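Student:
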Amino acid sequence: MRKIITVVGARPQFIKAAAISRVIHEIGSVNNFEEILVHTGQHFDANMSEVFFKEMRIPHPAYHLGIGGTSHGKMTGQMLEKLEELYLQLKPEAVLVYGDTNSTLAGALAASKLDIPVAHVEAGLRSYWKRMPEEQNRVLTDHLSTWLFCPTHTSVENLKKEGIEEGVYQVGDVMYDVNLFYREVIAEEENQGKKRPEGVKLSDSPFALMTVHRAENTDEVHRLRGILEGVGAIPMPVVWPVHPRTSKILQASGITLPYNILSISPVGYLDMLALENRAQLILTDSGGVQKEAYFAGKPCITLRDQSEWVETVEDGWNILAGTNPEKIIQAYHQSMATHHRPRNPHYGDGHSAQKIVEILLTQIPHP
Ligand code: UDP
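When we follow the working numbering, the leftmost residue of the sequence shown carries the number 11, and every step to the right adds one.
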C-alpha cells in the first residue's frame, strides 16, 4: 500500500481537502493508495475547523498535532518537529500540502529534509509582495516541491519566471470543484425549503458580504480603520462573518462598527456559499472569497493592494481598492454601475481533484 500524508491546518485547506480526499477515497483503495490526514491545529475554533470536517464529510484526521495560537516562528518550528517524527514513523511515499500557510511550509520542509517528495496544490501563486507571510510560505514551498499543481495559466508562468518548469501541471482550481459540488447541494436544499444561513436574520433587501483577515489588515490597525470607514459609508447593509484574528484586534483596539455592518461569527462553507449567492456585492481580503465572487458572478472589491487572482481583476469583476476609504467608496459606485461582463474558464472544468490524484497515482513510487 502506498501512503500519502496530507497536511492541513487552516480553513481554506479543509475546503480544498474536501475535493481531493473525496477522490482519493473513491479511486485510491482500488489502486492500493491510502491518504493519512494530519491536522496541525493551526485553526482550532469549532467554527473554523470542525464544522468543515462535519458538513463536507472530510475524513476525520488520523493525527491532530494541536499546534496553533502562537507566533509564526514558534508555530512553524513546532510543526516541523512533530511532522518530522510522524513522517519517520509512518514512512509515507509522498506528502501533500495546500496553499500558503505555516502548515504548508512546515509540511513541505519537514518532508523535503527527509527526501520525501512533496505535492503542492495551489502552486505558483504570487502577490510579489515579499513581506506577506503567505508569499514567503508559498515561494519556499514551491521551490521544495516535486509536483506543482497550478490552478491557472498565470501561476504556471509565475513558476517559469523562477526557473521551475519540471513537475508543473496546470490542473485548474480545486476550489472550483468544491464550489460546483456544493452549489448543487445548496440548490437542492433550497428546493426543499431550507434557507441558509440558519440563525442569521437577513431581510430580503440587497446587502453586501465582507470578510477581513489578512495580517496586513488586522495587525496594522490603521488599515482596519480605513476599511471600516470606507465600508461604513457605502449605502448598503454589510454582513460580516468575523475571523477570530480580526475579532481579537477589534476588541483590543475598542473599534465601534459603523451602523450598516452586521457582524456575525464565522460560518460554515455551505452558509458562506449561500451568503455569497444572496449578496449583491462582496468585499474581501481573502484569496478564496475573491474567486468565489467570480464563480457566483458577483462584483468583488478587494481590500488589498495586490491580488494573486489577477484574472478576476482583468475580467473586470474585481477592483483592488486597498484600505483607503475613498477608494472603497469609489469602487462601490463603479461596481454597482457595471453589469454583465463575460467570465472565462480560467479555473478549469471542475475536475481538478481528479486530475491531481490521477497524476499522483501514476507517479508516486511504490515502496
Ligand atoms: N469561508 C467560510 N466561512 C467564513 C468565511 C470564509 O467558510 O465565515 C470560506 C470561504 O468561502 C472560502 C474560504 O473560507 O472558501 C476562504 O478562506 P480564508 O478567507 O480563510 O483564506 P484564504 O482563501 O484567503 O487563504
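Beta carbons: idealized from backbone N, C-alpha and C, even for Gly. Keep in mind it's a predicted model, so treat the numbers as computed, not measured.
(1) Considering Cα atoms alone, identify which of 187, 86, 262 is closest to residue 161.
(2) Can you confirm whether the segment 342-359 touches the segment 11-20 when touching is taken to mean that 3 or more C-beta pairs between the two stretches lie within less than 8 Å?
(3) Just confirm the distance between the C-beta atoms of residue 112 and residue 236, as a whole number of angstroms; I'd bet it's less than 8 Å.
(4) Considering residue 206, what are the terminal residues of the alpha helix (DSSP H) in which it resides?
(5) Only counting the same chain, and skipping five residues up and downstream in sequence, which positions put a Cβ closer than 6 Å to that of residue 50?
(6) Do you know how far the Cα of residue 43 is from the Cα of residue 371?
(7) With distance defined between alpha-carbon atoms, name the residue in 195, 35, 294, 66 nearest to residue 222.
(8) Given a cut-off of 9 Å on the beta-carbon distance, is the pair residue 292 and residue 310 in contact?
(9) Taking the alpha-carbon of residue 174 as reference, which of 32, 228, 155 has the nearest alpha-carbon?
(10) Look at the Cβ atom of residue 45, then the Cβ atom of residue 106, and state whether they are nearer than 9 Å.
(11) Over what stretch of residues does the beta strand (DSSP E) that includes residue 141 continue unbroken?
(12) Given a cut-off of 9 Å, decide if residue 277 and residue 207 are closer than it, judged by their beta-carbon atoms.
(13) According to DSSP, simplified to helix, strand and coil, what is residue 354?
(14) Identify every residue that forms a DSSP beta bridge with residue 273.
(15) Checking the sheet assignment: what are the DSSP bridge partners for residue 49?
(16) Go through its chain and collect everything with a Cβ distance to residue 71's Cβ below 7 Å, but skip five positions before and after it.
(17) Can you check whether the CB of residue 219 is closer than 9 Å to the CB of residue 135?
Tutor: With the given structure in hand:
(1) 187
(2) no
(3) Not really, about 27 Å apart at Cβ, beyond 8 Å.
(4) It is not in any alpha helix (DSSP H) - residue 206 carries neither H nor E in the DSSP assignment.
(5) 19, 75, 77, 89, 113
(6) 8 Å
(7) 294
(8) yes
(9) 155
(10) yes
(11) Residue 141 -> no beta strand (DSSP E), and no H or E assigned at all.
(12) yes
(13) coil
(14) 250
(15) 18, 74
(16) 47, 48, 49
(17) no
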